[in-house]
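First the structure, in the form of structure tokens, and then the observations on it.
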Amino acid sequence: MYNPFEKLDLNKKNPIILGIESSCDETAAAVIKGRQILSNEIASSASVQALFGGVVPEIASRAHTVAVAEVVDRAIKNAGISYADIDAVAVTYGAGLLGALLVGVSFAKAFAYALNKPLIAVNHIRGHLAASYLSAPELKPPFVTLLASGGHTAVLYAKSEAEFEILGATLDDAAGEAFDKVARVLGLQYPGGPNIEKCALEGKAIVPMPKMLKGGGGYNFSYSGLKTAVINYCHTKEQKNEAYSKADVAASFQKAAIDVLVEKTVEGAKEKGVSVVTAGGGVAANTYLRESLQTACKKNGLRLVLPEKKYCTDNAAMIASEGLVQYRLGNFADMTLTAKASIPLAATLETVQSRRAAEKGAQ
Ligand code: KG4
Ligand code: ZN
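When you line the sequence shown up against the numbering used here, it's residues 67 to 429, in that order.
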């Protein structure tokens with residue numbers, strides 16, 4: 067019978083957590099011991115997806131099915147541990163592509179069941195936020211964090227490991243989404259973000275870009291105007307048969323898209339009176355963002371903790387890291403766990419305590 071809770075010690079000093087991630091086109095598995103990464107494995111179908119200009123969900127699901135057992139096996143072997151050493155299995159249950167998520171969730175359930183280990187359901191975005199704990203093991207909230215991924219853009223105030231307040235978020239497109247759409251207009255391959263970054267290195271930020279929501283926009287963002295401006299600029303040039311530099315457009319877009327993120331994150335930190343800033347999500351892998359945020363933090367006497375680039379884009383170490391947060395809270399899933407394609411940001415950041423209180427109230 068499945069009962070992994072008999073010998074469970076929530077206060078164990080450095081629990082060993084296996085993390086599994088399959089929300090998009092990366093099949094990933096990692097093992098952490100406390101906040102130390104023992105292994106981090108990844109198999110990506112991005113090169114196949116690039117042929118289609120974006121992620122084809124069915125191709126992603128099939129690739130996960132082929133890769134998942136081998137990737138998990140590699141993560142355990144490379145961590146130098148045995149199955150018995152694992153204290154819990156953490157898996158991304160949402161948000162993401164439903165079929166892709168189901169591969170990881172089904173695998174994790176079977177794995178946890180077979181080994182009689184506790185199962186932890188991890189929200190992908192919370193994983194991105196927990197990535198910073200892996201680069202600074204002593205890091206503790208409160209801090210202000212910039213979340214910038216393909217689906218979300220927000221400045222958050224982390225009150226505790228489990229409690230977040232949204233200071234501001236995007237009103238339309240996410241920053242990563244804007245990078246991907248602009249890349250397509252410039253004829254750059256999927257994934258757009260890293261290719262815009264590379265292209266921008268050859269150019270100068272001299273193409274006029276619309277003003278981003280500043281000041282009056284509070285901590286909110288809007289990326290659809292910026293994206294439209296780039297599309298209009300390129301189309302007008304093409305219609306008039308005028309040459310233009312893709313590299314200059316890439317550099318100008320990148321600067322406009324990122325300067326506002328940096329500015330509002332630092333403003334948020336100052337308003338909340340915190341001394342630490344962190345960031346997470348694929349866009350946080352951008353070198354211009356990392357350098358600008360570092361400069362701005364330094365100027366304002368703030369400490370910046372950034373996950374390594376490979377822990378900003380999708381990976382399983384961050385899922386294990388959030389798994390550790392949930393482990394400490396005693397928040398485990400059971401065998402009825404299923405995948406969720408979409409989870410609103412507010413629900414993502416809801417605390418475990420408030421969720422439990424709401425559940426109690428509903429009884
Ligand atoms: O966090 P992530 O890997 O997946 C989601 O949870 O969405 O973020 C992917 C997004 C994509 O939109 C991608 O273009 C963007 O992050 N991205 C970047 C860079 N690397 C990934 N954007 C700008 N510069 C980068 N170097
Ligand atoms: Zn992600």
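Built from N, CA and C at the ideal position, the CB exists for glycine as well.
Treat the numbers as computed from the prediction; the structure is a model and nothing was measured.
Requested in this report: Could you have a look at Tyr-377 and say whether DSSP puts it in helix, strand or coil?
Outcome: helix
Query raised in the report: Would you say Ala-228 faces chain C, with C-beta separation under 8 Å as the test?
Result: Reference to chain C is not applicable here, since this structure consists of a single protein chain.
Query raised in the report: Among residues of its own chain, excluding the 5 on either side of Gly-234, which ones have a beta-carbon nearer than 6 Å to its beta-carbon?
Result: Val-221, Gly-284, Tyr-285 and Asn-286
Requested in this report: Please report how far the alpha carbon of Ser-73 lies from the alpha carbon of Val-134, in whole angstroms.
Outcome: According to the sequence displayed, residue 73 carries Lys and not Ser. Cα-Cα distance, rounded: 28 Å.
Query raised in the report: For Phe-398, does the three-state DSSP call read helix, strand or coil?
Result: coil
Requested in this report: Starting from the C-beta of Met-67, find all residues in its chain whose C-beta is less than 8 Å away, skip the five residues before and the five after it, and write them out in chain order.
Outcome: none
Query raised in the report: So, are the CB atoms of Tyr-377 and Ala-197 less than 8 Å apart?
Result: yes
Requested in this report: Could you name the residues of the same chain whose beta carbon sits closer than 6 Å to that of Gly-146, not counting the 5 residues immediately before and after it, in chain order?
Outcome: none
Query raised in the report: Are the beta-carbon atoms belonging to Val-210 and Val-340 less than 8 Å from one another?
Result: yes
Query raised in the report: Based on the DSSP output, what are the partners of Ser-110 in its beta bridges?
Result: Glu-92
Query raised in the report: Just how far apart, CA to CA, sit Val-251 and Ile-262?
Result: 11 Å
Query raised in the report: Which of helix, strand or coil does DSSP assign to Val-269?
Result: Looking at the sequence itself, residue 269 is Gly, so the reference to Val does not match. It is coil, neither helix nor strand.
Report task. Check each candidate in Phe-319, Gly-162, Ile-82 and Leu-279 and name the one with the smallest Cα separation from Pro-25. Result -> Outside the shown range of the chain (67 to 429) lies residue 25, about which nothing can therefore be said.
Query raised in the report: Does the ligand KG4 have a heavy atom nearer than 7 Å to the CB of Pro-373?
Result: no
**Report entry** For Ile-324 and Lys-365, the rounded distance between their alpha carbons
**Finding:** 17 Å
Report task. Please state whether DSSP places Glu-229 in a helix, a strand or coil. Result -> coil
Requested in this report: Within its chain, find whatever has a CB closer than 6 Å to the CB of Val-326; leave out the 5 residues flanking it on each side and keep chain order.
Outcome: Met-278
Query - Bridge partner(s) assigned by DSSP for Glu-87 - result: Ala-94
**Report entry** Helix, strand or coil at Ile-147 according to DSSP, with G and I counted as helix
**Finding:** coil
Query raised in the report: Exposed or buried, what is Ile-103 when buried is set at 16 or more other beta-carbons lying within 10 Å of its beta-carbon?
Result: buried
Report task. Mark His-130 as exposed unless 16 or more other C-beta atoms lie within 10 angstroms of its C-beta, in which case mark it buried. Result -> buried
Query raised in the report: Nearest to Pro-203 by CA position, among Ala-412, Thr-414, Ser-358 and Met-384, is which residue?
Result: Met-384
Query raised in the report: For the 8 Å Cβ check, are there 3 or more pairs between the stretch 107–115 and the stretch 164–183?
Result: no
Query raised in the report: In or out: Tyr-223 buried (at least 16 other Cβ within 10 Å) or exposed?
Result: buried
Query raised in the report: Around the ligand KG4, which residues pass a check of Cβ closer than 5 Å to any of its heavy atoms?
Result: Ser-215, Gly-216, Gly-217, Gly-242, Phe-245, Asp-246, Pro-257, Gly-258, Gly-259, Pro-260, Glu-263, Gly-347, Gly-348, Val-349, Ala-351, Asn-352, Thr-379 and Asp-380
Query raised in the report: Which residues in the same chain have their Cβ closer than 8 Å to the Cβ of Glu-243, if we skip the five residues on either side of it in sequence?
Result: Gly-216, Gly-217 and Tyr-289
**Report entry** Closer than 7 Å: His-194 CB and nearest the ligand ZN heavy atom
**Finding:** yes
**Report entry** His-130 beta carbon near the ligand ZN (any heavy atom closer than 7 Å)
**Finding:** no
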